[in-house]
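Report on the following structure.
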């Protein structure tokens, strides 16, 4: 091969690789494009304010109303329960693994947590509906067969590994000098951990919280299986609710003709879901980058 | 004296709470597995693996779903791997912190956080309706390929970073061009890492349910797919279908399906670990 063909080839390959990388931007553009296209069509028929602030969601009934708030509160309720489990548990386990645990314990526990994170969500749905809900019904006899509590708790277990491992990374990145300084001043391990290391890693830990929240909001199969399909404006965790994601699944199960208003509702709901998770992901990335800058 | 005692108590308390939380998490994992196995073990036999689903729970099986999962996974791997590796090589070896590279990096980080059901809507709007592919194997594989693309890119980049700079420099010193260096030195060195990333991506894809339901893959399909344009359904969707029926016998089928799914996942990960070990030993 002559030198000039070699040069052309090198250039061509670099362009080709650039196209591969740039294609990922097209995926984002595709997501926004598809969602925006159907959502705009949707808002031609349904006023945007009555969608965002309406309190009744009955798009599949004859008396159709498109107030998305019941789906949003349902999503928030389940996610909040999940976060109540995953946050304290995740941070406590991260502190233990990073500051106390001997190396052999870490070597066993961390892969076990990864297994927890790798189980398909449909399996967690099965677990929530057929194991956790009956178990909880022995404690709360008024608990409905479909409810927010059980999927919330199970989702908390599912995102625990994520909070734990990201928080542990943040704790681990805190320079040892800070710990040693605390010990030199007479601090115990606990004092060093809680008053020096955790505050120092705070933005990294918050980044893991926000990312976990985004995961919880977007989680679909657990709630589609175990939370029910009744869009209800309630904060009662014992009754059946419907989340935004579960609604998308519910409509997809039926044979909704494309172009109909029902078909477009899932894109409007999807757009709202996308914007919520997008904002959370951006915030989390920003926090993590700031944290990395501090200790780089 | 009492202060020293209380100082130690605090330490012990924090440690105990940490251990307690971890034990609780592992106990839930144990309960989940125990529950699934005790519900589904009785249904697991050759007939279950080789029969199509049925209205009668005791005659039902998962054969078309199993093959559907296999088809979709192969397609997902075939579509996402070249693109993901290409993107990763560009960002690691060429990108060099330019403005475009930064935009692409932020974009990939964001894509990794997009809920999977949104990818389903993308697949529905773009592949199923836009390109007119219908709820076919091709539409499903393409949808999941986009879903796992960030995983492939991120893990390939990690793998490329583990190749020592000296390998590249040695190659340049011998007169190799950039691409020759990447092709003959960097990529072979990163292969075990890339492979592990691929398995990671496939483990994600095999369990994905929501995006495939969204593109319309929940239907009664008695036959295995025959080509890219066949309609299909996959194992986790069949599990969902069985879970959402009230009869206890179907719940047993769902549990048996879950066991198969978990065994597949476990096997894939074991293969990844073994192969990575072998690679590492060969190169050491």
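Chains as they are written, first to last, in the numbering used here: chain A, 51 to 346; chain B, -16 to 267.
For every residue, glycine included, the Cβ atom is placed at its ideal position computed from N, Cα and C.
Test item: CB-CB of residue i and residue j under 8 Å
i             : j             : result
residue 123/B : residue 55/B  : yes
residue 351/A : residue 134/A : What is shown of chain A runs 51 to 346, which leaves residue 351/A out entirely.
residue 65/B  : residue 233/B : no
residue 42/B  : residue 181/A : no
residue 139/B : residue 151/B : no
residue 221/B : residue 16/B  : no
residue 321/A : residue -7/B  : no
residue 133/B : residue 105/B : no
residue 179/A : residue 298/A : no
residue 199/A : residue 186/A : yes
residue 131/A : residue 202/A : yes
residue 204/B : residue 23/B  : no
residue 195/A : residue 288/A : no
Short CB-CB distance (under 8 Å) between residue i and chain B
i             : result
residue 56/A  : yes
residue 81/A  : yes
residue 71/A  : yes
residue 116/A : no
residue 132/A : no
residue 331/A : yes
residue 335/A : yes
residue 125/A : no
residue 128/A : no
residue 322/A : no
Alpha-carbon to alpha-carbon, residue j and residue i
i             : j             : result
residue 252/B : residue 183/B : 8 Å
residue 59/B  : residue 237/A : 53 Å
residue 178/B : residue 61/B  : 13 Å
residue 313/A : residue 111/A : 14 Å
residue 140/A : residue 206/A : 10 Å
residue 309/A : residue 89/A  : 11 Å
residue -16/B : residue 148/A : Interpretation of residue -16/B is limited by its pLDDT of 43, a score under 50 that renders its predicted location unreliable; the figure taken from the coordinates is listed afterwards. Straight-line Cα distance between these residues: approximately 29 Å.
residue 77/B  : residue 226/A : 35 Å
residue 255/A : residue 246/A : 14 Å
residue 96/B  : residue 333/A : 12 Å
residue 293/A : residue 316/A : 12 Å
residue 224/A : residue 154/A : 22 Å
residue -12/B : residue -3/B  : 15 Å
residue 50/B  : residue 211/B : 13 Å
residue 236/B : residue 245/B : 14 Å
residue 265/A : residue 65/A  : 35 Å
Three-state secondary structure assigned by DSSP to residue i
i             : result
residue 339/A : helix
residue 334/A : helix
residue 119/B : strand
residue 214/B : strand
residue 111/A : coil
residue 114/B : coil
residue 206/B : coil
Proximity test, Cβ basis, 8 Å: residue i and chain A
i             : result
residue 77/B  : yes
residue -2/B  : yes
residue -16/B : The pLDDT assigned to residue -16/B is 43, lower than 50, so where the model puts this residue is not dependable; a value taken from the coordinates is nonetheless given after this. No, because no Cβ of chain A sits closer than 8 Å to the Cβ of residue -16/B.
residue 11/B  : yes
residue 179/B : no
residue 259/B : no
residue 254/B : no
residue 162/B : yes
residue 21/B  : no
residue 182/B : no
Next on the checklist: Please give the ranges of any alpha helix (DSSP H) in the region 24 to 92 of chain B, keeping only runs that are unbroken, at least 4 residues long and fully inside the region.
Outcome noted: 29 to 33 and 46 to 72
Item to check | Entirely enclosed beta strand (DSSP E) segments - the region 235 to 273 of chain A, minimum 3 residues | outcome: none
Item to check | Whole alpha helix (DSSP H) elements within the region 178 to 215 of chain A, 4-residue minimum | outcome: 183 to 189, all fully within the region 178 to 215 of chain A.
Item to check | Residues, ordered as in the chain, of the region 197 to 223 of chain B that lie near chain E by beta-carbon distance below 7 Å | outcome: The question asks about chain E, but that chain is absent: this structure's protein chains are A and B.
Checklist entry - What runs of the alpha helix (DSSP H), each 4 residues or longer, lie entirely inside the region 286 to 332 of chain A? => result 294 to 303
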